[in-house]
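Below is one structure, written out as structure tokens; the observations come after it.
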Amino acid sequence: MQSKQPDILEVIANLSNDAIFTPPRVVNAVLDLLPDEVWTDPTLRWLDPGAKTGVFPREITKRLMVGLVDAIPDEDARLHHILTNMVFAIATEEITGMMTRRSLYCSKDASSEFSVVRFATPAGNVWQKRVKHSWDSEGKCTECKGTKAQLLVPGRDNKAYGFIHADGRTQINKELNMKFDVIVGNPPYQMDADSEGQNVVPIYDTFVREAIELNPRFVSMIIPSRWLAGGKWLDGFRDQMLADTRIRKIADFPVASELFPGVEIKGGVMYFLWDGDNPGACETTMRRGDEVIGPTNRQLDKYDVFVRDARALPVLEKVIGELGVPFAELVSTRDPFGPALSSNFTKFRQDDVRRAGDLKLYMNLGSKRVEKWVDPSLVTRNHAVIEKWKVFIPNAGSDGGQRLPDVVLGTPLIAEPSSVCTLTYLFIGPFDTETEARSVDSYIRTRFARFLVSLRKISQHTTRSSYNWVPQQTWDRTWTDAELYEKYGITPEEQAYIESTVKEMPA
Numbered sequence: 003m004q005s006k007q008p009d010i011l012e013v014i015a016n017l018s019n020d021a022i023f024t025p026p027r028v029v030n031a032v033l034d035l036l037p038d039e040v041w042t043d044p045t046l047r048w049l050d051p052g053a054k055t056g057v058f059p060r061e062i063t064k065r066l067m068v069g070l071v072d073a074i075p076d077e078d079a080r081l082h083h084i085l086t087n088m089v090f091a092i093a094t095e096e097i098t099g100m101m102t103r104r105s106l107y108c109s110k111d112a113s114s115e116f117s118v119v120r121f122a123t124p125a126g127n128v129w130q131k132r133v134k135h136s137w138d139s140e141g142k143c144t145e146c147k148g149t150k151a152q153l154l155v156p157g158r159d160n161k162a163y164g165f166i167h168a169d170g171r172t173q174i175n176k177e178l179n180m181k182f183d184v185i186v187g188n189p190p191y192q193m194d195a196d197s198e199g200q201n202v203v204p205i206y207d208t209f210v211r212e213a214i215e216l217n218p219r220f221v222s223m224i225i226p227s228r229w230l231a232g233g234k235w236l237d238g239f240r241d242q243m244l245a246d247t248r249i250r251k252i253a254d255f256p257v258a259s260e261l262f263p264g265v266e267i268k269g270g271v272m273y274f275l276w277d278g279d280n281p282g283a284c285e286t287t288m289r290r291g292d293e294v295i296g297p298t299n300r301q302l303d304k305y306d307v308f309v310r311d312a313r314a315l316p317v318l319e320k321v322i323g324e325l326g327v328p329f330a331e332l333v334s335t336r337d338p339f340g341p342a343l344s345s346n347f348t349k350f351r352q353d354d355v356r357r358a359g360d361l362k363l364y365m366n367l368g369s370k371r372v373e374k375w376v377d378p379s380l381v382t383r384n385h386a387v388i389e390k391w392k393v394f395i396p397n398a399g400s401d402g403g404q405r406l407p408d409v410v411l412g413t414p415l416i417a418e419p420s421s422v423c424t425l426t427y428l429f430i431g432p433f434d435t436e437t438e439a440r441s442v443d444s445y446i447r448t449r450f451a452r453f454l455v456s457l458r459k460i461s462q463h464t465t466r467s468s469y470n471w472v473p474q475q476t477w478d479r480t481w482t483d484a485e486l487y488e489k490y491g492i493t494p495e496e497q498a499y500i501e502s503t504v505k506e507m508p509a
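The sequence shown begins at 3 in my numbering and counts up by one.
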């Protein structure tokens with residue numbers, strides 16, 4: 003018996019961080035979101051706006067070959083109609099353009115004798131040309147937000163994706179006509195980081211916006227899930243998406259490797275269906291391993307961020323009803339004592355000898371917590387906090403719920419007067435007494451408090467806004483989960499759910 007040969011598009015390796023190839027099984031799960039009638043309508047025009055291997059156009063074509071049997075009985079005529087009039091793609095770069103044509107036409111040259119349908123041009127309906135960025139005075143592209151240092155690397159494609167740049171859309175419209183009925187795909191997610199590994203700029207949001215702006219009947223894309231909670235570059239996109247009642251289905255995967263084996267994407271990934279003609283509630287499903295939560299009909303903008311797990315909503319509603327002043331009011335913003343005290347700060351007293359007036363500095367060297375001495379002139383922010391008690395909490399905690407139960411937050415530490423920290427930490431406070439600081443420390447270690455943080459924390463980083471749903475308490479005691487469960491009426495079943503998602507943090 004001959005062994006079954008694997009589909010090459012199931013096992014092909016990714017080219018780079020921004021070009022994650024999509025296995026055919028995932029493509030078909032995305033296509034399953036679409037209504038059945040799209041597969042029997044020979045008038046529809048389909049587009050993959052960020053094609054890499056051509057797997058989306060290929061799988062669409064396979065489905066249309068089945069669905070259009072009655073409309074176009076002759077197989078050759080049916081294939082010709084589908085490839086010349088219905089299925090289009092915009093490749094991300096030259097090599098992916100060739101890969102897409104190979105997958106769709108069986109030839110990288112669509113005009114050759116080896117193409118299953120011969121076109122007048124080598125590109126066929128797979129468009130790819132080098133286009134221009136729109137640089138501002140600071141050397142940043144106004145359309146994709148990347149910088150010249152990131153994008154203009156000698157010998158490499160300039161990453162000016164045609165679909166999200168005006169120059170590209172103008173050319174595409176002339177050659178293909180930018181009127182499409184169904185836009186589907188797995189677009190590039192981000193621009194490469196700069197030389198220091200910083201300024202990772204998302205671009206998937208721009209692909210989604212441009213697709214919706216074309217006003218098709220349907221949009222269905224695979225994108226990272228981090229937008230659900232917003233964050234740098236994504237707050238506006240989150241607000242727009244959560245308010246859009248045409249988003250009718252979401253399948254959310256907190257662990258990205260369940261869709262893309264061997265790939266880690268902090269916060270997970272999701273795919274969605276946008277139905278331009280049928281607004282309404284959104285059918286949401288969350289999948290983690292063998293556990294499937296949903297489908298549940300949700301109002302996406304009920305809160306300012308989307309709570310991924312519907313089982314958390316009863317607890318959240320009880321707490322919000324008695325929230326009062328949120329705990330976030332006690333939490334500092336990023337750079338709590340000024341940008342000079344960066345996470346890679348080195349201007350501490352190298353001899354570890356304290357000088358007159360020095361402040362104790364809490365920081366990390368590598369993964370190790372250390373205490374150093376620093377000149378107070380380097381502190382440019384929150385001077386009034388320095389001589390108070392406070393609690394320092396790492397701004398990078400867990401991996402955003404990739405594994406459960408999750409610790410959610412890094413271990414807090416109590417900081418005495420005349421102390422500061424680097425931006426590795428945020429501070430909570432200030433407080434007049436050590437008793438208050440210790441009470442806060444006990445509270446933030448409870449599963450209850452960290453569970454409420456987890457509902458707004460979708461990656462490893464924790465910001466001030468992550469604490470918006472955590473209520474303040476009186477800071478005169480050691481807090482326990484038992485007291486908090488009783489105070490907020492958390493049922494035994496809800497307690498069990500909280501404890502299944504949040505790991506115990508020792509006192």
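Each residue gets a CB set at the ideal place from its N, CA and C atoms; glycine is no exception. Source: prediction; values computed, not measured.
Counting only the same chain and skipping the five closest in sequence on each side, list residues whose C-beta sits under 8 Å from that of P508.
If we look at P508 and ignore the five residues flanking it on each side, its Cβ neighbours are R447.
Spatially closest choice to S420 from R452, V376, L454 and Y445, by CA coordinates
Looking only at R452, V376, L454 and Y445, the smallest Cα-Cα distance to S420 is reached by V376.
Give me the Cβ distance between K374 and L363, rounded to the nearest whole Å; I'm assuming they're in contact under 8 Å.
Sure, about 5 Å apart at Cβ, within 8 Å.
For K134, collect the residues of the same chain with a Cβ closer than 8 Å to its Cβ; drop the 5 residues on either side in sequence, then sort them by chain order.
Closer than 8 Å at the Cβ level, and outside the excluded window around K134, lie A162, H167 and D169.
Taking all protein chains shown into account, do 16 or more other C-beta atoms lie within 10 angstroms of the C-beta of E495, making it buried, or fewer, making it exposed?
That one is exposed.
Can you confirm whether the segment 85-98 touches the segment 42-53 when touching is taken to mean that 3 or more C-beta pairs between the two stretches lie within less than 8 Å?
In short, these stretches touch, since the Cβ pair count reaches three.
Give the secondary structure of Y305 by DSSP, where H, G and I count as helix, E and B as strand, and everything else as coil.
Coil at Y305, not helix or strand.
Taking contact to mean 3 or more Cβ pairs, one atom from each stretch, closer than 8 Å, check whether the segment 434-450 and the segment 237-254 are in contact.
Verdict: no, contact absent.
Do you know how far the Cα of T464 is from the Cα of G69?
Rounded to the nearest angstrom, the two C-alpha atoms are 48 Å apart.
Return the CA-CA distance between T424 and P59, expressed in angstroms with no decimal places.
Here the alpha carbon of T424 sits roughly 49 Å from the alpha carbon of P59.
Counting along the chain, where does the beta strand (DSSP E) carrying G187 start and finish?
Its beta strand (DSSP E) spans residues V184 to G187.
What do you get for L367, buried or exposed, if any count of 16 or more other CB atoms within 10 angstroms of its CB means buried?
So L367 counts as exposed.
Would you tell me roughly how many angstroms separate the C-alpha atoms of E331 and S344, rounded to the nearest one?
Distance between the alpha carbons of E331 and S344: 23 Å.
Alpha carbons only, please: which of R351, V32, P226 and D72 is nearest the one belonging to I62?
Nearest option by C-alpha distance: V32.
Using a 10 Å radius around the Cβ and a threshold of 16 neighbouring Cβ atoms, would you call K543 buried or exposed?
Outside the modelled stretch of the chain, which goes from 3 to 509, sits residue 543, for which no answer is possible.
E501 vs R458 beta-carbon contact at 8 Å
No, Cβ-Cβ distance for E501 and R458 is not below 8 Å.
Can you name the start and end residues of the beta strand (DSSP E) that F429 belongs to?
Residues Y427 to F433.
D443: which of Y487, V321 and F394 sits nearest, CA to CA?
Among Y487, V321 and F394, the Cα nearest to that of D443 belongs to F394.
Could you tell me the alpha carbon to alpha carbon distance between P297 and K304, rounded to whole angstroms?
Rounded to whole angstroms, P297 to K304 spans 17 Å at the Cα level.
In terms of residue numbering, what span does the alpha helix (DSSP H) encompassing K489 cover?
For K489, the enclosing alpha helix (DSSP H) begins and ends at D483 to K489.
Does the distance from the C-beta atom of Q192 to that of K131 stay below 8 Å?
By the CB criterion at 8 Å, Q192 and K131 fall outside the cutoff.
Nearest to K181 by alpha carbon, out of K147, V210 and L216?
Checked all of K147, V210 and L216; the closest Cα to K181 is L216.
Using a Cβ-Cβ cutoff of less than 8 Å, which residues in the same chain neighbour E389 once the five nearest sequence positions on both sides are dropped?
Same-chain partners within the cutoff: P419 and S420.
Can you tell me whether S420 is helix, strand or coil according to DSSP?
Correct three-state label for S420: coil.
Looking at the structure shown, is G296 part of a helix, part of a strand, or coil, going by DSSP?
Look at G296 here: in three-state DSSP terms it is strand.
Assuming S222 is part of the beta strand (DSSP E), what are its boundary residues?
Looking at the DSSP string, the run of the beta strand (DSSP E) that includes S222 is F220 to P226.
Going by DSSP in three states, V68 sits in which element: helix, strand or coil?
V68: helix per DSSP, three-state reduction.
Is the Cβ-Cβ distance between C146 and T55 less than 8 Å?
Going by C-beta atoms, C146 is not nearer than 8 Å to T55.
Whole-angstrom C-beta distance between A253 and T2, which should lie under 8 Å:
A query on residue 2 cannot be resolved here, the shown segment of the chain reaching from 3 to 509 and no further.
Coil, strand or helix - W235 by DSSP
Coil, per DSSP.
Of the listed residues E95, L325 and L81, nearest to Y107 (C-alpha basis):
Nearest option by C-alpha distance: L81.
Just to confirm the assignment: which complete beta strand (DSSP E) runs, minimum length 3, are found wholly within the segment 16-91?
Scanning the segment 16-91 for uninterrupted beta strand (DSSP E) segments of 3 residues or longer gives 48-53, listed from N- to C-terminal end.
Please report the distance separating the alpha-carbon of A15 from that of A213.
Interpretation of A15 is limited by its pLDDT of 48, a score under 50 that renders its predicted location unreliable; the figure taken from the coordinates is listed afterwards. Between the C-alpha atoms of A15 and A213 there is a straight-line separation of about 27 Å.
May I have the straight-line CA-CA distance separating M272 from A258, to the nearest angstrom?
Roughly 8 Å between the two C-alpha positions.
Suppose contacts are defined by Cβ-Cβ distances below 8 Å. Is L36 in contact with L275 by that definition?
Cβ atoms of L36 and L275: closer than 8 Å.
If you scan the segment 143-195 from start to end, which runs of the alpha helix (DSSP H) of 4 or more residues do you find wholly inside it?
Entirely contained in the segment 143-195, the alpha helix (DSSP H) runs reaching 4 residues are, in chain order, 150-153 and 168-178.
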